[in-house]
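4 protein chains.
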Amino acid sequence: MEINGVNIKNNYAEAFGIKVTRLLVTAANQELAKVAATEATGYGTSVIGCPAEAGIDCYVPPTKTPDGRPGYAIMICNGSKKKLDHELLERIGMCILTAPTTAVFNLLEGDEKLKTGFKLKFFGDGYEEKVEIGDKSMFAIPIMSGDFLVEEKFGYKEGVAGGNFFILADSQMSGLVAAQVAVDAIKSVEKTITPFPGGMVASGSKVGCNSYDFLDASTNEKMCVSLKEKGMESNIREDAHGVFEIVIDGEDEESVRSAMKAGIEAACTVSGVIEIDAGNFGGNLGAHKINLHDLF
Amino acid sequence: MEINGVNIKNNYAEAFGIKVTRLLVTAANQELAKVAATEATGYGTSVIGCPAEAGIDCYVPPTKTPDGRPGYAIMICNGSKKKLDHELLERIGMCILTAPTTAVFNLLEGDEKLKTGFKLKFFGDGYEEKVEIGDKSMFAIPIMSGDFLVEEKFGYKEGVAGGNFFILADSQMSGLVAAQVAVDAIKSVEKTITPFPGGMVASGSKVGCNSYDFLDASTNEKMCVSLKEKGMESNIREDAHGVFEIVIDGEDEESVRSAMKAGIEAACTVSGVIEIDAGNFGGNLGAHKINLHDLF
Amino acid sequence: MEINGVNIKNNYAEAFGIKVTRLLVTAANQELAKVAATEATGYGTSVIGCPAEAGIDCYVPPTKTPDGRPGYAIMICNGSKKKLDHELLERIGMCILTAPTTAVFNLLEGDEKLKTGFKLKFFGDGYEEKVEIGDKSMFAIPIMSGDFLVEEKFGYKEGVAGGNFFILADSQMSGLVAAQVAVDAIKSVEKTITPFPGGMVASGSKVGCNSYDFLDASTNEKMCVSLKEKGMESNIREDAHGVFEIVIDGEDEESVRSAMKAGIEAACTVSGVIEIDAGNFGGNLGAHKINLHDLF
Amino acid sequence: MEINGVNIKNNYAEAFGIKVTRLLVTAANQELAKVAATEATGYGTSVIGCPAEAGIDCYVPPTKTPDGRPGYAIMICNGSKKKLDHELLERIGMCILTAPTTAVFNLLEGDEKLKTGFKLKFFGDGYEEKVEIGDKSMFAIPIMSGDFLVEEKFGYKEGVAGGNFFILADSQMSGLVAAQVAVDAIKSVEKTITPFPGGMVASGSKVGCNSYDFLDASTNEKMCVSLKEKGMESNIREDAHGVFEIVIDGEDEESVRSAMKAGIEAACTVSGVIEIDAGNFGGNLGAHKINLHDLF
């Protein structure tokens, strides 16, 4: 199968379950909303080493937010409910409440709820007030620069982590630009994030480690272009000299599929892209298998 | 004392000791370096609730970096050596190693070192190599998109956290713009960061909580403009309707003083700014007392 | 009439006819498309002194462009067909053709066409080729870094220039932040631009000049806050200390109305905003009169 | 000669004389200064088709500006004094005076002066005032949002246009990223600009046109990668598939040389870059010849 002359391999991405939340951060203007959203979703590439997987989903214009101000939809994810509860509390409390003019709304209805706003209200020391914005139950907490508004409860649900595809290109930089435009395209797919820096993964890993038995994961040497160039045995095709991975978390498998489709199609418009592949672990680890050919 | 007609109160900021590291993140171009630096320093406003205090110090042009590429100096801080060690490892390993084309250099010579690069090298599964760049001892770790370079050891030292000043203005938005330009000015002062979102704190807190005894800190109600507007007793002067705090961490007290001076002078150029004050806890908690009048 | 407690004056904006074009600039990634769109629409605030009125309308994601790449819709306007023809040719030829990886598509069907692509093709010195993308007739012109693609003809039509409203606020900076969020909101209204720097006008003018008879226009002294503060007679209400104007050009009056509505509603969410007014010249100069109260 | 394994050809850039001005645009914060500087320098890639060559030189922090606010140094250039006078007047009057909170200072002492501020003051309709900032003679012109400050006179001098080098790379995208980092590096060299979009030129031209005798310039077909890939005779070396040009204007030849050196060294850090070359017209057209080998 080909798109724009790029080979789409008949392979599947293996993705995992993760608990996801989705919030809306609004502020007095778009720049201020972005600052808060960025701080709250930093240090959140993978739960392997970060306390959460987090990212900005998309911009929401003033005409579509409950308070008529510009905002960003963000997602914060963790496999453990307890850790998710902690992350939501601290990321909102330390990174959004502290940012000027912000408010936070819940965007995900789910059977299960975290009482993040309820817990944050105590910071108000009795001066907080319950307010309604539309049909939303919020707390207004007086802070130095004005009032911080936060919804009482945030829904969470079982979503998907680790949706992915690989871009193989004629040079490292062709792969890089293709990865950038893939991420640009995925920004338009709601309910998904690309949690790694700039949305792309420069370092693929394998399960286990041959040289050091105390490590659970290590570099996937057969997918390293610099080792291939040195003549080592490689799983990278002969004519590819740049490889990048895009990793996607989403509210559900359908959203992740849409994001993979949009990202792959965009990557295939970049000159020098040769092949799209996907990453899996043999199919026994993840709950979701997404075949690339099924996307189109 | 006045600057541009703005009253500088005869008050002092009380700041604390914290262990600081200072790193240089370079990449193929400036944008890529910024992406990695931003991810690695996110979720890092205050150790009260975040796993570290972290931020971008300044841009370093290609002519001044060891590898001739553009970079950003960043700082990562924590009061505990053990936690600092963990944060450095994970923030570099999860947020910079995973970003395309990056390298990380140590910028802080100190008697004490963290072996972050030495630990990260194991990810290379035996394919890593020791290389020298100038007089620096680095590891080249093969990753999917090329080689990730990281210095073997990172120095840390006892620095300063919580250097601060308050901006009081005729409106919330005058205070906001003044806080923005203060942060702009502090970006030019090396060895300092403003770890809060966009560099400013919209929410000042007090020690303890009157209404809920299970909380160690809560909103400083006497510095909340919305409570003052409702007629509550307030420590905010009558004509001020906007209050913002700038918080600064630095490698040493001298750097923090320079940052406070630059930030205050810049804030005083904004129309509507009335007064500059500073925050302290009576002088018994922090190791550093910085009087505003001594800065000029 | 009030929105969020802000007084909406019963006044009308007087707007003018202008010839408008609307183009789509795509590139390999979003950043590259923005660079080209920004260069091509610079030096284009008002035809009073600039060779065109120009601006970025909105971002168009890869899924909605003819070539599957990210792009920006831009508008270039002038009252004279001849000047518009010249501006389109030079702004595309000098600012987009010269930018890496770009293509330019027509977004405005109109009875009248400019043959901009047809003229630009001669730069190809015979090596250019006619190609079809979907139903669009394009030229592929070989340039150093690849091929530049441009549509053969660009439609233009009689649109609207100078749609406007004024934001009056309790301080200069409240007005500024309100103007910023008004512009943020207008970005979501298709077929409109705010051609002034950052989308806002800091300097309102009046027709004629009292002190220097060689000038056709000069500062509107009765709307200058610094003159009011000095005690001069003023048309600014007593409690307003900041005034900003938003100026909108659009493909038609309906689009301009939508933009005014979205911008005013957003401005009214900012603390410190007191009143929204509109600018006119007595109703005898412009073809369009848009009453503020009719927008809601 | 080689840098990082990249061949530096023994060739020279041919550059031309042009009249240059250099201004400082300050504003209430860095973002506002950038907005005004960007608008004022747009539509300014080359005087072949644009009314000026213009660009942002560098950021100037608050500690180094006459009014203690952040600013950007910009350059506006034209071969004709009369046209330069017009461009300075309109680009300042239409794009900076109209931007919120701005001021404009002269940065270039020269024997010859343009009376731009003197002419702009008439917009004040008699309400303008002469003020001194340090040793600078300025006019304060009341505008709607406050006072606009502009220096009375702006120096100009004979500078250099068209300093250049070519980057040849293994793929289009390697060349693109290398061009980006070259521009990043040149931003740190004062008194120079890269006036093309994003600082780079995607389209090199030759003098004259073979197929259409009414054109003075046309695509340089022997430097077009897409024509080379089709098998046409080419001046591009066999292994190069991406070519980008960097064009530099500067206050003097020394500045342009520094910029070329910094840009070339940065470009040579990018993987996939093969060769650096320079553009000339046989040496008979331009006043300046800069040999690449002499830079190092």
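Chains as they are written, first to last, in my numbering: chain A, 1 to 296; chain B, 1001 to 1296; chain C, 2001 to 2296; chain D, 3001 to 3296. Think of the CB as a built atom: it goes at the ideal place given N, C-alpha and C, for glycine as much as any other residue.
Item to complete: Can you tell me the Cβ-Cβ gap for A/I248 and A/L168, rounded? I've got them flagged as a contact below 8 Å.
Response: The sequence position of residue 248 of chain A within the first sequence is 248, counting from 1. The sequence position of residue 168 of chain A within the first sequence is 168, counting from 1. Incorrect: roughly 18 Å between the Cβ atoms, too far for contact.
Worksheet entry | 3-residue-minimum beta strand (DSSP E) runs that sit fully inside the stretch 1028-1098 of chain B, ordered along the chain | Counting only runs of 3+ residues, the beta strand (DSSP E) found wholly inside the stretch 1028-1098 of chain B occupies 1053-1060 and 1071-1078, in chain order.
Worksheet item: Is the Cβ-Cβ distance between B/I1246 and B/A1182 less than 8 Å?
Response: Residue numbering aside, residue 1246 of chain B sits at position 246 when the second sequence is read from its first letter. Residue numbering aside, residue 1182 of chain B sits at position 182 when the second sequence is read from its first letter. Yes, these two residues count as a Cβ contact at 8 Å.
Fill in: Segments assigned beta strand (DSSP E), at least 3 residues, entirely inside the stretch 2197-2253 of chain C
Qualifying beta strand (DSSP E) stretches, in chain order: 2205-2207, 2217-2219 and 2242-2250.
Worksheet item: What residue does the beta strand (DSSP E) around C/F2166 start on, and which one ends it?
Response: Translated into the one-based positions of the third sequence, residue 2166 of chain C becomes position 166. Where C/F2166 is concerned, the enclosing beta strand (DSSP E) stretches over F2154 to A2169.
Item to complete: Give, in chain order, every residue of the stretch 2004-2033 of chain C whose Cβ lies closer than 7 Å to some Cβ of chain A.
Response: So the list reads A2028, N2029 and Q2030, given in the order they occur along the chain.
Worksheet item: Which chain B residues sit within Cβ distance under 9 Å of A/F118?
Response: Here the question's residue 118 of chain A lines up with position 118 in the first sequence. At a beta-carbon threshold of 9 Å, none of the residues of chain B lie near A/F118; the nearest stands roughly 12 Å away.
Worksheet item: Any contact of the stretch 2126-2140 of chain C with the stretch 2175-2191 of chain C, i.e. 3+ C-beta pairs under 8 Å?
Response: Judged by Cβ distances under 8 Å, the stretch 2126-2140 of chain C makes no contact with the stretch 2175-2191 of chain C, as fewer than three pairs qualify.
Practice prompt. Check the Cβ-Cβ distances between D/D3147 and every residue of chain A, and say whether any is below 8 Å.
Written response: Your numbering for residue 3147 of chain D matches position 147 in the fourth sequence. The Cβ of D/D3147 sits no closer than 8 Å to any Cβ of chain A.
Worksheet item: Do the stretch 284-295 of chain A and the stretch 12-22 of chain A meet, that is, are 3 or more Cβ pairs less than 8 Å apart?
Response: Under the Cβ criterion (8 Å, minimum of three pairs), the stretch 284-295 of chain A counts as touching the stretch 12-22 of chain A.
Worksheet item: Do B/A1217 and B/C1224 have their C-beta atoms within less than 8 Å of each other?
Response: Working through the second sequence from its first residue, we reach residue 1217 of chain B at position 217. Working through the second sequence from its first residue, we reach residue 1224 of chain B at position 224. With contacts defined by Cβ atoms closer than 8 Å, B/A1217 and B/C1224 do not form a contacting pair.
Practice prompt. To the nearest angstrom, report how far apart D/G3155 and C/S2046 are at their CA atoms.
Written response: Position 155 of the fourth sequence, counting from 1, holds the residue named residue 3155 of chain D. Position 46 of the third sequence, counting from 1, holds the residue named residue 2046 of chain C. Approximately 26 Å between the Cα atoms of the pair.
Practice prompt. Can you pull the chain D residues whose beta carbon is under 7 Å from the beta carbon of C/T2192, in chain order?
Written response: In the third sequence, residue 2192 of chain C corresponds to position 192, counting from 1. Residues of chain D whose Cβ lies closer than 7 Å to the Cβ of C/T2192 do not exist, since the nearest Cβ in that chain is about 18 Å away.
Worksheet entry | Cβ neighbour criterion (16 or more within 10 Å) applied to D/K3034 | Position 34 of the fourth sequence, counted from the start, is the residue given in the question as residue 3034 of chain D. With 16 or more neighbouring CB atoms inside 10 Å of its own CB, D/K3034 falls in the buried class.
Practice prompt. Rounded to whole angstroms, what's the CA-CA distance from B/T1102 to B/G1068? Just pull it up for me.
Written response: In the second sequence, residue 1102 of chain B corresponds to position 102, counting from 1. In the second sequence, residue 1068 of chain B corresponds to position 68, counting from 1. Those two C-alpha atoms are separated by around 12 Å.
Worksheet item: Which residue from B/V1020, B/S1258, B/T1219 and B/I1018 puts its Cα closest to that of A/L120?
Response: Your numbering for residue 120 of chain A matches position 120 in the first sequence. Proximity to A/L120 across B/V1020, B/S1258, B/T1219 and B/I1018 peaks at B/T1219, based on C-alpha coordinates.
Practice prompt. Count the CB pairs spanning the stretch 2098-2116 of chain C and the stretch 2021-2030 of chain C that are closer than 8 Å, and state whether there are at least three.
Written response: By the Cβ criterion, the stretch 2098-2116 of chain C is in contact with the stretch 2021-2030 of chain C, since at least three pairs of Cβ atoms, one from each stretch, lie closer than 8 Å.
Worksheet entry | Proximity below 8 Å, CB of D/G3044 to CB of D/P3195 | Indexing the fourth sequence from 1 puts residue 3044 of chain D at position 44. Indexing the fourth sequence from 1 puts residue 3195 of chain D at position 195. The answer is yes: Cβ separation under 8 Å.
Worksheet item: Using a C-beta cutoff of 8 Å, does D/A3036 count as contacting chain B?
Response: Looking up residue 3036 of chain D in the fourth sequence gives position 36. No, because no Cβ of chain B sits closer than 8 Å to the Cβ of D/A3036.
Worksheet item: Is A/A40 close to chain B, meaning its C-beta is less than 8 Å from at least one C-beta of that chain?
Response: Within the first sequence, the letter at position 40 stands for residue 40 of chain A. Closer than 8 Å to some Cβ of chain B, the Cβ of A/A40 qualifies, so yes.
Worksheet item: What is the DSSP secondary structure of A/G124, counted as helix, strand or coil?
Response: Residue 124 of chain A sits at position 124 when you count from the first residue of the first sequence. In this structure, DSSP gives A/G124 a helical state, which the three-state scheme calls helix.
Discussion item. Cutting at 6 Å between CB atoms, please list the residues of its own chain near B/V1131, excluding the five before and the five after it.
Written reply: Within the second sequence, residue 1131 of chain B is the residue found at index 131, counting from 1. Excluding the 5 residues flanking it on each side, B/V1131 has same chain C-beta neighbours closer than 6 Å at M1138 and A1140, in chain order.
Worksheet item: B/E1265 touches chain D at which residues, Cβ-Cβ below 9 Å?
Response: Translated into positions along the second sequence, residue 1265 of chain B becomes position 265. The answer, in chain order, is P3062, T3063 and G3068.
Discussion item. If you follow the alpha helix (DSSP H) that A/G175 is in, where does it begin and where does it stop?
Written reply: Along the first sequence, one-based indexing puts residue 175 of chain A at 175. Run containing A/G175: Q172 to I186, per the alpha helix (DSSP H) assignment.
Worksheet entry | Per DSSP, cross-strand counterpart(s) of B/V1284 | Within the second sequence, the letter at position 284 stands for residue 1284 of chain B. The question names Val, but residue 1284 of chain B in the sequence shown is Asn. Answer is none; B/N1284 lacks a bridge partner.
Worksheet item: So, B/S1255 versus B/T1192, is the Cβ gap smaller than 8 Å?
Response: Stepping through the second sequence from its first residue, residue 1255 of chain B is reached at position 255. Stepping through the second sequence from its first residue, residue 1192 of chain B is reached at position 192. Here B/S1255 is near B/T1192, since their CB atoms are less than 8 Å apart.
Worksheet entry | B/L1088 and B/T1021 closer than 8 Å at C-beta | As a first step, residue 1088 of chain B must be located in the second sequence, where it is residue number 88. As a first step, residue 1021 of chain B must be located in the second sequence, where it is residue number 21. A contact, by the Cβ cut-off of 8 Å.
Worksheet item: What whole-angstrom Cβ distance do C/M2260 and C/G2163 have, given they're in contact under 8 Å?
Response: In the third sequence, residue 2260 of chain C corresponds to position 260, counting from 1. In the third sequence, residue 2163 of chain C corresponds to position 163, counting from 1. Sure, about 6 Å apart at Cβ, within 8 Å.
Discussion item. I need the straight-line Cα distance from C/R2124 to C/V2150, nearest angstrom please.
Written reply: Stepping through the third sequence from its first residue, residue 2124 of chain C is reached at position 124. Stepping through the third sequence from its first residue, residue 2150 of chain C is reached at position 150. Looking at the sequence provided, one finds Gly at residue 2124 of chain C rather than Arg. Approximately 12 Å between the Cα atoms of the pair.
Fill in: Strand pairing of B/K1115, partner residues [DSSP]
Translated into positions along the second sequence, residue 1115 of chain B becomes position 115. Paired residue(s): none; B/K1115 is not in a bridge.
Worksheet entry | Alpha-carbon spacing of B/F1122 relative to B/E1152, whole angstroms | Numbered from 1 along the second sequence, position 122 holds the residue referred to as residue 1122 of chain B. Numbered from 1 along the second sequence, position 152 holds the residue referred to as residue 1152 of chain B. Their Cα atoms are separated by approximately 12 Å.
Worksheet item: In three-state terms, what does DSSP make of C/S2145?
Response: Locating residue 2145 of chain C in the third sequence gives position 145, where the first residue counts as 1. Three-state DSSP puts C/S2145 in coil, outside helix and strand.
Discussion item. Which residues in chain A have a C-beta closer than 7 Å to the C-beta of D/S3080? List them in chain order.
Written reply: In the fourth sequence, counting from the first residue as 1, residue 3080 of chain D sits at position 80. The premise fails here: D/S3080 is roughly 40 Å from chain A at the closest Cβ pair, so nothing lies under 7 Å.
Worksheet item: Does DSSP classify C/V2256 as helix, strand or coil?
Response: Here the question's residue 2256 of chain C lines up with position 256 in the third sequence. Helix, per DSSP.
Fill in: Close Cβ partners of C/P2070 (< 8 Å) along its chain, the five nearest in sequence each way excluded
To locate residue 2070 of chain C, count along the third sequence from 1; it is residue 70. Here the set comprises T2026, A2027, N2029, Q2030, A2033, Y2059, V2060, P2061 and P2062.
Discussion item. Using a Cβ-Cβ distance cut-off of 8 Å, determine whether B/V1243 contacts chain A.
Written reply: Working through the second sequence from its first residue, we reach residue 1243 of chain B at position 243. With 8 Å as the cut-off, B/V1243 counts as an interface residue toward chain A.
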